[in-house]
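The opening position of the sequence shown corresponds to residue 39 in my numbering, with each subsequent residue numbered one higher.
C-beta: ideal position from N, C-alpha, C; glycine also.
Down below is the structure, laid out as structure tokens.
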Amino acid sequence: MNFNEFDQPAKAITQHYANRLNNELAAKLITGEVNISSKDDAEDLAFFFWAMVDEAVDDEENNFAIDGYSDLQSWLEKAMHIFSSYIKNQGFADQWREVSHKCG
39 MNFNEFDQPA KAITQHYANR LNNELAAKLI TGEVNISSKD DAEDLAFFFW AMVDEAVDDE
99 ENNFAIDGYS DLQSWLEKAM HIFSSYIKNQ GFADQWREVS HKCG
């Protein structure tokens, strides 16, 4: 998963939620330690993304900042493009679409 130099706030925020939600796969993907290699991995990552969004909505309503970033919605929109592009580029567009329809 690619977080360029301008996406570091999105990376910090998604890493925070990967740790908070105890999602080891997401945490390792965000740091570049692993790649998804199956439909199950793709679905797990997509479900994580939408669980993270739910958590962030609550956090933003409570004025919670992560690493000094309080505009969580803006950074999660950026993260959505990163996650969806990554999953689709790995060949799992159907899994992203299916989970997004269920959760998004």
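Distance from the Cα of L110 is smallest, within the candidate group H119, E98, F121, for E98. If you look at M118, you'll find it in the alpha helix (DSSP H) that goes 110-127. With 16 or more neighbouring CB atoms inside 10 Å of its own CB, N61 falls in the buried class. Straight across, the Cα-Cα distance linking I125 with V95 is about 23 angstroms.
The residue from L59, D82, A103, D105 with its alpha-carbon nearest to that of F121 is D82.
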